[in-house]
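Note sheet for the following structure.
What follows is the structure, encoded as structure tokens:
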């Protein structure tokens, strides 16, 4: 009955998914799951709130669209109007079809790049950062579930996790971290 | 087994009856002679603000034909006024007599292209060995069954046109290739090797037979596969036929779009026109699959279809709508930018005479699905998909309308009896045919090797 964390290792994503559901039914708290590849439906099974990355992407796209419009308006209309193919550049609106490819590309460019950067920041990832996963096998073929065991019966929990299909169970002192 | 409800049958028959009445009304109300048009125009003008001559001239100039330059340079002096007027009356008379035929043509083609687009989608599912879609195969087979009825109707319409029942194709005018004839047109004369009525009809016939042959076989294979699933013999056959069909389809669909639509403007050409029409038919076909699926589910059928299947169909509706816009814009921008007279007339007539429809349909076909179907959760909400679907179908009807009408009806267009009537007429036949076929076989293609995956499909 101390401050402990249990690491349960699985070797199959379907077994892991089933185990996550059973553990949550028992009202144990899953702190984190480490997987070698994205497991479909895992975040739903774990009850994690939906990502807001999509909303960000939409907003970033709008920023890109604005940047493209302002940029092309400055370059082609205000700063240096030219007569291209009998279409003098004196009005952005009348020349708009010519700028649509640029507006489209910058929308995609901003949405994509800013989304990746946001994802890295949100996941607290940066170059030369040491890995957070507690077991190197989760980068190969093992799945690791981290469960909070403070104030719980460790014996009973281990047995239960074993029944959910865990191949290995480790008890870790939280202070050791 | 699904049984067509009597309500649906009555609805379809009412559509057919009302549509036929309105279409006939459209034909009867078309002016019988030039005198009738003169009377009608005089009547219209007396209600105007007294600038009758001026408006007449403006109309003439904006009709956007090659002859316009000639008319414009003649000047609008008083001495030419009477000559001009009689020319104008003749012009409007031809446009108004084309109107009911064009309306019939647009509606007939629109529903035919839904069936063709759905057939292509079905073939792609087969060739891709998609795991999510086999649960929808019977729905797709039902919609594609209109290919036979719609194809026959389409061919009859083309045949009537080719035999001279109407004058919606200007390149069929007598004497168009005879030097010295009043209808002589040097540009069309140079194309008669390809663009002549017999060859045009033979092509249409060959394409229709080819597409229907595939659709006939694949339906047979699909039903046989249910009876004898051992060894997947029929499944493999279907795979091969689908692959061959897709090669045949993309070539013939291109030529069909030149023949049946692009040749309305025989001077004009666009190299991506086949793709453009394909995008339109593809998105309409997928939309109808989604709508029929949701309808059948709401009647308690297709219990093995879940929200994820609807989600996937909605993704296709969203994606292909954007693909359509990409092609629409690619075609528009290059021609707009280069501004070559023989090319740009196509868009000038559309922007001047069809402004609201031409840009309105882009809003309906692009902005509307873009905004309403962008959110992942909305794609799983049935009434969102239905709303988007109805607008997409409406938008693509208008798309075909704007492809055909400027060349046949010109600035005398309005959406009246024949347009609404023939839309209802073909919609009724379409509904009757597709639901009748859907009721002929079990809704689950139980022999398909991927049916298990489709049943358990989740996103």
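Protein chains in written order, with my numbering: chain X, 81 to 257; chain C, 260 to 718.
C-beta atoms are modelled at their ideal positions from N, C-alpha and C, and glycine is treated no differently.
Exercise for the section: Verify the CB distance criterion: does residue 709 of chain C have a CB-CB separation below 9 Å to chain X? Expected result: One-based indexing of the second chain puts residue 709 of chain C at position 450. Judged by the 9 Å Cβ criterion, residue 709 of chain C is not in contact with chain X.
Practice task
Give a yes or no on contact between the region 592 to 605 of chain C and the region 150 to 167 of chain X, applying the rule of three or more CB pairs nearer than 8 Å.
Solution key: yes
Handout entry: Residue span of the beta strand (DSSP E) that contains residue 87 of chain X, given as start and end
Key = The count along the first chain starts at 1 and reaches residue 87 of chain X at position 7. Taken as a continuous stretch (DSSP letters only), the beta strand (DSSP E) holding residue 87 of chain X covers 84 to 90.
Practice task
Can you grab the Cα-Cα spacing for the pair residue 383 of chain C / residue 505 of chain C, in whole Å?
Solution key: In the second chain, residue 383 of chain C corresponds to position 124, counting from 1. In the second chain, residue 505 of chain C corresponds to position 246, counting from 1. Those two C-alpha atoms are separated by around 8 Å.
Handout entry: C-beta neighbour in chain X for residue 627 of chain C, strict 9 Å
Key = Residue 627 of chain C sits at position 368 when you count from the first residue of the second chain. So, not an interface residue.
Handout entry: Cβ-based neighbour list, residue 199 of chain X, same chain, cut-off 7 Å, excluding 5 preceding and 5 following
Key = Mapped onto the first chain, residue 199 of chain X falls at position 119. Around residue 199 of chain X: 133.
Practice task
Can you tell me which of the three DSSP states residue 232 of chain X falls into?
Solution key: Looking up residue 232 of chain X in the first chain gives position 152. Coil, per DSSP.
Exercise for the section: Would you kindly check if the distance between the Cβ of residue 690 of chain C and the Cβ of residue 274 of chain C is under 9 Å? Expected result: As a first step, residue 274 of chain C is located in the second chain; it is residue number 15 there, counting from the start. As a first step, residue 690 of chain C is located in the second chain; it is residue number 431 there, counting from the start. In this structure, residue 690 of chain C lies closer than 9 Å to residue 274 of chain C by Cβ.
Exercise for the section: Verify the CB distance criterion: does residue 534 of chain C have a CB-CB separation below 9 Å to chain X? Expected result: As a working mapping, residue 534 of chain C is identified with position 275 in the second chain. False, the Cβ-Cβ gap to chain X never drops below 9 Å.
Handout entry: Three-way DSSP call (helix, strand, coil) for residue 311 of chain C in this model
Key = By one-based count along the second chain, residue 311 of chain C stands at place 52. Here residue 311 of chain C scores only 41 on pLDDT, less than 50, and its place in the model should not be relied on; the value that follows carries that caveat. DSSP places residue 311 of chain C in helix when its eight states are reduced to three.
Exercise for the section: Just mark residue 633 of chain C as buried or exposed, buried being the case when its beta carbon has 16 or more other beta carbons within 10 Å. Expected result: Position 374 of the second chain, counting from 1, holds the residue named residue 633 of chain C. Residue 633 of chain C should be labelled exposed.
Practice task
Could you tell me whether any Cβ in chain C is nearer than 9 Å to the Cβ of residue 167 of chain X?
Solution key: For the purposes of this step, residue 167 of chain X is taken as the residue at position 87 of the first chain. Yes - at least one Cβ of chain C is within 9 Å of the one on residue 167 of chain X.
Handout entry: Proximal residues to residue 147 of chain X (C-beta, below 8 Å), its chain only, five neighbours per side dropped
Key = Taking the first residue of the first chain as position 1, residue 147 of chain X is located at position 67. 186, 190.
Handout entry: residue 661 of chain C vs residue 620 of chain C beta-carbon contact at 9 Å
Key = Position 402 of the second chain, counting from 1, holds the residue named residue 661 of chain C. Position 361 of the second chain, counting from 1, holds the residue named residue 620 of chain C. Closer than 9 Å, so yes.
Problem - Identity of the residue in C/564, C/390, C/519, C/344 nearest residue 416 of chain C by Cα - result: Translated into the one-based positions of the second chain, residue 416 of chain C becomes position 157. Selected option, being the one with the closest Cα: C/519.
Problem - Inter-residue CB distance, residue 117 of chain X and residue 152 of chain X (contact presumed, cutoff 8 Å) - result: Here residue 117 of chain X is taken as the residue at index 37 of the first chain, counted from 1. Here residue 152 of chain X is taken as the residue at index 72 of the first chain, counted from 1. Taking a contact as a CB-CB distance under 8 Å, the pair residue 117 of chain X and residue 152 of chain X does not count as one, their CB atoms being some 42 Å apart.
Problem - Which listed residue (C/657, C/444, C/650, C/565) has its alpha carbon closest to that of residue 546 of chain C - result: What you label residue 546 of chain C is simply residue 287 of the second chain in a count that begins at 1. Of the candidates C/657, C/444, C/650, C/565, the one whose C-alpha sits nearest the C-alpha of residue 546 of chain C is C/650.
Exercise for the section: Run through the region 187 to 240 of chain X for me and flag every whole beta strand (DSSP E) of 3 or more residues, listed as ranges in chain order. Expected result: Within the region 187 to 240 of chain X, the runs of beta strand (DSSP E) that reach at least 3 residues and sit entirely inside it are, in chain order, 223 to 228.
Handout entry: Pick from C/534, C/431, C/591, C/277 that is closest to residue 677 of chain C, judged by C-alpha positions
Key = Taking the first residue of the second chain as 1, we reach residue 677 of chain C at position 418. Among C/534, C/431, C/591, C/277, the Cα nearest to that of residue 677 of chain C is on C/277.
Problem - Whole-number beta carbon distance between residue 508 of chain C and residue 470 of chain C, since they are thought to touch under 8 Å - result: Residue mapping note: residue 470 of chain C aligns to position 211 of the second chain, counting from 1. Residue mapping note: residue 508 of chain C aligns to position 249 of the second chain, counting from 1. About 7 Å separates the two Cβ atoms, so the contact holds.
Practice task
Answer yes or no: does any C-beta atom of chain X fall closer than 9 Å to that of residue 567 of chain C?
Solution key: Your numbering for residue 567 of chain C matches position 308 in the second chain. Not an interface residue.
Exercise for the section: Whole angstroms is fine: what's the gap from residue 128 of chain X's alpha carbon to residue 219 of chain X's? Expected result: The residue labelled residue 128 of chain X in the question sits at position 48 within the first chain. The residue labelled residue 219 of chain X in the question sits at position 139 within the first chain. If you take the alpha carbons of residue 128 of chain X and residue 219 of chain X, they lie about 22 Å apart.
Practice task
Name, going along the chain, the residues of the region 151 to 183 of chain X whose beta-carbon falls closer than 7 Å to a beta-carbon of chain D.
Solution key: Among the protein chains of the structure shown, namely X and C, there is no chain D.
Problem - Closest Cα partner of residue 221 of chain X within the set X/103, X/119, X/105 - result: Taking the first chain and counting its residues from 1, the one referred to as residue 221 of chain X is at position 141. When each option's Cα is compared against that of residue 221 of chain X, the closest is X/119.
Exercise for the section: Would you kindly report the start and end of the unbroken beta strand (DSSP E) that includes residue 440 of chain C? Expected result: Here residue 440 of chain C refers to the residue found at position 181 when the second chain is read from its first residue. First-last for residue 440 of chain C: undefined, no H or E at that position.
Practice task
Would you give the residue range spanned by the alpha helix (DSSP H) that residue 655 of chain C belongs to?
Solution key: Taking the first residue of the second chain as position 1, residue 655 of chain C is located at position 396. 641 to 667 is the span of the alpha helix (DSSP H), which, as asked, contains residue 655 of chain C.
Practice task
Report the residue from X/154, X/225, X/195 whose alpha carbon sits nearest the alpha carbon of residue 142 of chain X.
Solution key: As a first step, residue 142 of chain X is located in the first chain; it is residue number 62 there, counting from the start. Out of X/154, X/225, X/195, X/195 has the C-alpha closest to the C-alpha of residue 142 of chain X.
Handout entry: Buried versus exposed, by CB contacts within 10 Å (16 or more), residue 388 of chain C
Key = Looking up residue 388 of chain C in the second chain gives position 129. Its Cβ having fewer than 16 others within 10 Å, residue 388 of chain C is exposed.
Problem - Residues within the region 574 to 604 of chain C neighbouring chain X, beta-carbon criterion of under 8 Å - result: Shown in chain order are the members of the region 574 to 604 of chain C whose Cβ falls below 8 Å from a Cβ of chain X: 588, 591, 592, 595, 596, 597, 598.
Problem - For residue 437 of chain C, the nearest candidate out of C/427, C/448, C/430 (CA to CA) - result: Locating residue 437 of chain C in the second chain gives position 178, where the first residue counts as 1. When each option's Cα is compared against that of residue 437 of chain C, the closest is C/448.
Problem - Cutoff 6 Å; reference residue 363 of chain C; Cβ partners in own chain excluding five residues on either side - result: One-based indexing of the second chain puts residue 363 of chain C at position 104. Closer than 6 Å at Cβ, skipping near neighbours: 681.
Handout entry: Stretch pair the region 362 to 377 of chain C + the region 480 to 498 of chain C: three plus CB contacts closer than 8 Å
Key = no
Problem - From C/628, C/474, C/455, residue whose alpha carbon lies closest to that of residue 576 of chain C - result: Start at 1 with the first residue of the second chain, and residue 576 of chain C comes out as number 317. Closest option to residue 576 of chain C, Cα to Cα, is C/628.
Problem - Bridge-paired residues (DSSP) for residue 624 of chain C - result: Position 365 of the second chain holds residue 624 of chain C. Bridge partners of residue 624 of chain C: none, in fact.
Handout entry: Cβ of residue 634 of chain C within 9 Å of any chain X Cβ
Key = As a first step, residue 634 of chain C is located in the second chain; it is residue number 375 there, counting from the start. True, the Cβ-Cβ gap to chain X drops below 9 Å.
Practice task
For residue 648 of chain C, I'd like the list of residues in its chain whose CB is within less than 6 Å of its CB, leaving aside the five on either flank, ordered along the chain.
Solution key: Looking up residue 648 of chain C in the second chain gives position 389. Take residue 648 of chain C, set aside five residues on each side of it, and the residues of its chain with a beta-carbon closer than 6 Å to its own are 546, 549, 550, in chain order.
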